[in-house]
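Please read the structure below before turning to the comments.
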Amino acid sequence: MKPAPFAYHRPHDLEDVLALLDELGEDAKILAGGQSLTPMLALRLTFFENLVDISRLAELQGVERRGDTVWVGAGTTHAAVGVDEVVRADVPLLNRVTPLIGHFQIRNRGTLGGAVAHADPAGEYPTTALTLDAVIEATSSSGRREIPATEFFTGLWETTLAPGEVLTAVGFPVWGGRSGFAVHEFARRHGDFAIAGATVATEIDDDDRVRRCNIGLLGLGSTPRRAREAEQAAVGRALSDLQTPAAAEELGRLAMRGLDDIPADQQGSVSYRTRVGAAMVSRAITDAVTEASRENAYA
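Mapping to full-length UniProt numbering: the sequence shown position 125 is 125, numbers consecutive.
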């Protein structure tokens, strides 16, 4: 199929983008990398009278560390994120999830901001932002505001972005001390959407106990989500305890508790996705804790 007719706009800068959005109102849709929106338009799953292309705006591209936060411009491609040395050193989880996104053609065109704004529950970047307690920068003609990732995702492909707002950057906190990170996901083939997956960030204190444990889940609901019960059960546990298979499996089961909207489709039933999700959490926790326990863990 082909998309329904639409008007295409390519503004020269962010100021022009905001003016266009104010003028066009709800008839406009932001086009970032287009790797999610274009197929939906082509299949006529969605329709917009106006597409506003921000993919070539230099002011929305790049990576910069400011204090204890790494800010990634919304127009920065997945490929650029994947090779950035600041991301690799200071936000290793973001670096590690990038190769799992689609295929290299998608990573060359898709953008971090587009992925986060699309809010796909099986998307690696939305889940990573949620796991790391990132901050979403939204800009409109009225000014800028920062939205915690924990408040950003509201439903399937839905966010708290207001009409006329553009996601312009995402700020990822830098975890210090003895921290470890891991991602595990299962897909039928490399490049397919994950049936289920988990991203984990942990921090170990000087007494070899878990100070922080954030667990993100992807493909297990209508939004990216956090496994709060499992996180709480991990905090305060001794490092030696969490490194046992029994403890990791226990936290995997806890992470699945209370999930009432796990999807079922041709890729797997609810019970199958639940088992896969628990296994992915267990593996990611084991890897993250092991990394955090090393003397050369990220500091």
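All C-beta atoms in this analysis are idealised placements derived from N, C-alpha and C, irrespective of residue type, glycine included.
Residue i to residue j span [Cα, whole Å]
i	j	result
Ala198	Gly277	7 Å
Thr202	Gly258	22 Å
Asp208	Val235	11 Å
Val200	Leu93	8 Å
Ser282	Thr274	12 Å
Glu165	Ile136	12 Å
Pro99	Glu185	12 Å
Thr154	Glu64	28 Å
Gln243	Val270	28 Å
Asn296	Asp206	Low local confidence applies: a pLDDT of 47 at Asn296 is under 50, so the model's placement there is unreliable, and no value is given.
Ala246	Gly252	10 Å
Gly221	Trp157	12 Å
Phe172	Pro3	35 Å
Phe104	Val81	13 Å
Thr160	Ala187	29 Å
Thr77	Cys213	28 Å
Gly191	Tyr8	29 Å
Tyr298	Ile101	Since pLDDT at Tyr298 reaches only 44, below the 50 mark, its modelled position is unreliable, and the value read off the structure follows with that caveat. Distance between the alpha carbons of Tyr298 and Ile101 is about 24 Å.
Asp68	Asp241	30 Å
Arg10	Pro148	29 Å
Gly75	Gly33	8 Å
Ala134	Met40	27 Å
Trp175	Val97	17 Å
Thr127	Ala117	12 Å
Leu60	Glu250	42 Å
Arg88	Ala115	19 Å
Ser142	Ile285	42 Å
Ile204	Asp16	47 Å
Pro121	Phe193	10 Å
Thr290	Arg211	14 Å
Gly162	Gly216	According to the sequence shown, residue 162 is Ala rather than Gly. Going from the Cα of Ala162 to the Cα of Gly216 covers about 25 Å.
Ala28	Phe47	10 Å
Ile106	Ala79	9 Å
Leu18	Arg144	12 Å
Cβ neighbour criterion (16 or more within 10 Å) applied to residue i
i	result
Asp90	buried
Gln232	exposed
Asp84	buried
Tyr125	buried
Gly268	buried
Gly180	buried
Ala238	exposed
Ala42	exposed
Asp261	exposed
Leu51	buried
Leu45	exposed
Phe152	buried
Gln35	buried
Ser55	buried
His12	exposed
Ala248	buried
Thr223	buried
Thr111	buried
Thr150	exposed
Gly25	exposed
Residue i: first and last residue of the uninterrupted alpha helix (DSSP H) it sits in
i	result
Asp90	Glu85 to Asp90
Phe172	Unbroken run through Phe172 is the beta strand (DSSP E), Val166 to Pro173; no alpha helix (DSSP H).
Ser271	Val270 to Ser293
First and last residue of the uninterrupted beta strand (DSSP E) at residue i
i	result
Phe186	Arg178 to Phe186
Ile204	Ala196 to Ile204
Thr154	Phe153 to Gly155
Residues bridged to residue i [DSSP beta-bridge criterion]
i	result
Pro148	Val135
Ala7	Asn50
Thr159	Phe153
Asp265	Gly268
Arg209	Ala238
Residue-level contact to chain C via CB, residue i, 8 Å cutoff
i	result
Leu20	Among the chains in the structure shown there is no chain C, since it carries only a single protein chain.
Unbroken stretches of the alpha helix (DSSP H), 4 residues or longer, contained in the region 217 to 252
228 to 234 and 239 to 242
Identify every run of the beta strand (DSSP E) within the region 92 to 146, keeping only runs that are complete inside it and at least 3 residues long; order them along the chain.
135 to 140
As an exercise, report each continuous beta strand (DSSP E) stretch of at least 3 residues that is fully enclosed by the region 10 to 88, in chain order.
28 to 31, 50 to 53, 63 to 66 and 69 to 73
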